[in-house]
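If you're matching them up, the sequences are chains A and B in order.
The numbering of the first sequence is the working numbering, which starts it at 143 and goes up by one.
The numbering of the second sequence is the working numbering, which starts it at 129 and goes up by one.
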Amino acid sequence: MNLWMILKVALRAIARNKTRSLLTALGIIVGIAAVIAVVAIGQGASTMMMSQINSMGNNLIMVFPGSRNQGGVHSGSGGSQTLSAEDGEAVARDLQHLVRAVTPIVRSGGQAIYQENNWSTQIQGVSLDFLEVRNWEMESGTFFTAADQRAGSRVCVIGHTVADNLFPYDDPTGKSLRIRNMPFKVLGVLTSKGSNSMGSDQDDTIIAPYTTVRRVLQNSVFNNVNMLLISLYSLDDIPAAKTEIASLLRQRHKLNARTDDDFNLLDMTEITNTIGSITKLMSILLTAVASISLLVGGIGIMNIMLVSVTERTREIGLRMAIGATPSDILLQFITEAMALSTVGGLIGVAIGVAGAQTVGKLQQWPILITESSVIVAFLFSAAIGVFFGFYPALRASRLNPIDCLRYE
Amino acid sequence: MLITLQNLFKTYRMGDNVVHALDDVSLTIAAGDFVAIMGASGSGKSTLLNILGCLDTPTAGTYLLDGVQVSNMSRAKLARIRNQKLGFVFQNFNLLARTSALENVELPTFYNGYMSGSQRRKRAAEMLDRVGLGNRHEHTPAQLSGGQQQRVAIARALMNNPPVILADEPTGNLDTRSSAEIMELFARLNQEGITIVMVTHEEDIAACAKRKVMMRDGQVVGAPQTGNPAP
Ligand SMILES: Nc1ncnc2c1ncn2[C@@H]1O[C@H](COP(=O)(O)OP(=O)(O)O)[C@@H](O)[C@H]1O
Ligand SMILES: [Mg+2]
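Right, here's the structure in full:
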């Protein structure tokens, strides 16, 4: 009996009991749909996060003031005073072989006002190298100059969201907006970057010289910054750069061997790894759920195939009488189980894809349906059919033709 | 000799109870013969026919079919012999339900697999013509009378062009008129050279055969046990 004919017989047997076949395949349908949807949503999410991480800048290392709580010693809030813009300049100057650019970040917040429009946003004080560190460009206008930075001039460039909200009709370049009642001249608008991996809008920001922010907005006499953002030439240099930055900062902060670091180094690979492990954990959990569903589905198929073998005992006897060998019968019932689970798998793939896309639309969540996940799901459902169909098929093939023909 | 049985035994053991369904049966059937196996219920007719049909194996004794010893073949080899050399006709027809007459007739060729789909359909149509059902290709068993269903079964038995047709009470479920038609068909097929071995307990049905074999308690009695039909 050739394979095509076996398949035709199997499909016809399935079509004959449509409702029963559908109910039997339900476990497989649910399991495969779950796997497809989870993989699509998960892969979409991690791809999005990765691209957002990349959008944050080139091979970044972040340095925060404060200590890791290591060895039971915690330097506490005093640590937040420890990081200075000069530390950043030192890193840029002394570690030129690794470091492309450095910017300090001084954060402030407030309401920006232009004419009758106002908008609450964050204000970041940065250095000249900011654009290079963040891999960002001006859409219009220019960035501030070294002179602005030295003088602490009241100038700024604004993110797209701020531009859209404060200047819905005007070109912002050259206009003056007010922050805490102080006028700031807008030099230009940054290109749009979208949200970052934490979901916050990177374009909702005002960028000014850190000197200005510290002096005018923070009224601070201290030289401290909230963060140093360091961009490296190569991702591979991250471990080496972290060691060198740490030892340079320890030296500059005059820490002895027994004292903990008074700063934290964080790099993108750590964040990437964290996101990766969360995604992995989610996948494992959902795969476990899907596996249970597929197991239940497989047992359902086994059950219905045993029923089918009993129902069709006479047919089996007849087929044997006219020349079916035991292996013909075995193959026929395995094929039937496989066809049942594969049809279920196909329906599952369709539902999974549709479900993932619906979730993607409703939740604004990126979806990534890969060919390989569809193919694997399909092959897996076929394998379930073969596995769970084998025992019923074996029983059918071992039946005695005379007993079958006499069976009532 | 097409069929040679020598000292065939079939014994069923049910606990302490031993049933000799066949008790030292020797029988030869020549090519072209038309044999009616008769006897009371429980005399071993079906047991004998099942062994002749390679559906069952004897407890002891030898069975030569077309010169080949089949008494101790594997299940797969017996299946091939059934497919190539034997056609079966059953009392209850054993057609696949909800399946057209044509497809029912095609079925035996599924298991030798040397025919293309169109060859298979053509041959099945010829066989339906041969049994007088040329206009009933698409009818399912439920849409056919008993006599017509049995003719579909006969067409199916003819599909692989076997030398022997084995029929166990082929008219047992049919009215007198259909029975007569089936027996006419058998007589015609026999004239065309097919050997027919048929089990029946009805005298007038057996009368259509060339030769009768009587059975009682698992033994062949009375009738000559070998040889060609008397001319
Ligand atoms: N599978 C079986 N198990 C036990 N006894 C059987 C079996 N098949 C047939 N027999 C016994 O063998 C004898 C012959 O049966 P069978 O050949 O069917 O008779 P019949 O001439 O009516 O066709 C009967 O006594 C029957 O009870
Ligand atoms: Mg009987």
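C-beta atoms are modelled at their ideal positions from N, C-alpha and C, and glycine is treated no differently.
- prompt: Straight-line CA distance for alanine 350 of chain A to leucine 374 of chain A?
  reply: 23 Å
- prompt: Where do the ends of the alpha helix (DSSP H) carrying tryptophan 146 of chain A lie?
  reply: 145-158
Chain-order list of residues whose beta-carbon lies under 7 Å from that of phenylalanine 532 of chain A (same chain, five-residue window excluded): Ile476
field: Cut-off 7 Å between Cβ atoms - residues of its own chain near phenylalanine 216 of chain B, not counting five sequence neighbours on either side
entry: Gly181, Ala285, Leu294
task: Under the assumption that isoleucine 458 of chain A contacts isoleucine 443 of chain A (Cβ atoms under 8 Å), give the Cβ distance between them as a whole number of angstroms.
output: Not confirmed; about 18 Å, so no contact.
- request: Could you work out which residue in A:Leu473, A:Ala479, A:Thr484 is closest to tyrosine 239 of chain B when comparing CA atoms only?
  value: A:Leu473
- prompt: Could you give the distance in angstroms between the alpha-carbon of lysine 327 of chain A and the alpha-carbon of glutamine 257 of chain A?
  reply: 14 Å
query: For methionine 462 of chain A, which residues from the same chain have a beta carbon less than 6 Å from its beta carbon, with the 5 sequence-adjacent residues on both sides left out?
result: Pro543
- prompt: Nearest CA to the CA of glutamate 478 of chain A: which residue from A:Ile526, A:Arg320, A:Gly490?
  reply: A:Ile526
message: Strictly under 8 Å for the Cβ-Cβ distance: is glutamate 478 of chain A near chain B by that measure?
response: no
message: Tell me the rounded alpha-carbon separation between lysine 138 of chain B and threonine 328 of chain B.
response: 20 Å
message: Are there any heavy atoms of ligand 2 lying less than 7 Å away from the beta-carbon of aspartate 296 of chain B, as far as the coordinates show?
response: yes
message: With a threshold of 8 Å between beta-carbons, can leucine 177 of chain B be considered close to chain A, or not?
response: no
- request: Name, going along the chain, the residues of the segment 235-254 of chain B whose beta-carbon falls closer than 8 Å to a beta-carbon of chain A.
  value: Leu235, Pro236, Phe238, Tyr239, Asn240, Gly241
Three-way DSSP call (helix, strand, coil) for lysine 173 of chain B in this model: helix
query: Should arginine 103 of chain A and alanine 232 of chain A be called a contact, given that it needs their Cβ atoms to be closer than 8 Å?
result: Coverage of chain A is limited to positions 143 through 550, which leaves residue 103 of chain A absent and any answer about it impossible.
query: serine 362 of chain A: which of A:Asp378, A:Asn398, A:Arg249, A:Cys298 sits nearest, CA to CA?
result: A:Arg249
- prompt: Using the beta-carbon count (16 or more within 10 Å), is glycine 230 of chain A buried or exposed?
  reply: buried
task: Could you name the residues that DSSP lists as bridge partners for threonine 303 of chain A?
output: DSSP, once it has assigned bridges, lists no residue as partnering threonine 303 of chain A.
message: Could you check whether lysine 384 of chain A and aspartate 345 of chain A sit closer than 8 Å to each other, using their CB atoms as the reference points?
response: no
message: Following a CB-centred definition, is lysine 138 of chain B positioned closer than 7 Å to any heavy atom of ligand 2?
response: no
query: Mind checking if phenylalanine 216 of chain B is an interface residue toward chain A, Cβ cutoff 8 Å exclusive?
result: yes
- request: For leucine 133 of chain B, go through chain A and note every residue whose CB falls closer than 7 Å to its CB, in chain order.
  value: Chain A residues near leucine 133 of chain B: none, gap ~18 Å exceeds 7 Å.
Alpha-carbon to alpha-carbon, glutamate 312 of chain B and proline 359 of chain B: Unreliable placement is indicated for proline 359 of chain B, whose pLDDT of 39 sits below 50; no coordinate value is reported for it.
- prompt: What are the boundary residues of the alpha helix (DSSP H) that asparagine 211 of chain B is part of?
  reply: 203-213
- prompt: Within 10 angstroms of its Cβ, does phenylalanine 522 of chain A collect 16 or more other Cβ (buried), or is it exposed?
  reply: buried
message: If you follow the alpha helix (DSSP H) that valine 516 of chain A is in, where does it begin and where does it stop?
response: 513-539
- prompt: Are any of the Cβ atoms in chain B nearer than 8 Å to that of arginine 162 of chain A?
  reply: no
query: Are the C-beta atoms of asparagine 289 of chain B and some chain C residue less than 8 Å apart?
result: In the displayed structure, chain C is absent; the protein chains listed are A and B.
query: Can you find a C-beta in chain B that's less than 8 Å from the C-beta of arginine 456 of chain A?
result: yes
message: With DSSP as the reference, identify every bridge partner of asparagine 260 of chain A, one or two as the case may be.
response: A:Ile255
- prompt: Using a C-beta cutoff of 8 Å, does asparagine 200 of chain B count as contacting chain A?
  reply: no
- prompt: Going by alpha carbons, who is nearest to methionine 274 of chain A out of A:Gln253, A:Ala234, A:Thr467, A:Leu541?
  reply: This sequence places glutamate at residue 274 of chain A; methionine is not what is there. Looking at the Cα atoms, A:Ala234 is the closest of the given residues.
message: Going by beta-carbon coordinates alone, are leucine 427 of chain A and threonine 189 of chain A separated by less than 8 Å?
response: no
- request: For chain B, find out if any of its Cβ atoms is closer than 8 Å to the Cβ of leucine 189 of chain A; answer yes or no.
  value: In the sequence on display, residue 189 of chain A carries threonine and not leucine. Taking Cβ atoms only, chain B never reaches closer than 8 Å to threonine 189 of chain A, which makes this a no.
- prompt: From glutamate 254 of chain B to glycine 262 of chain B, what distance separates their C-alpha atoms?
  reply: 8 Å
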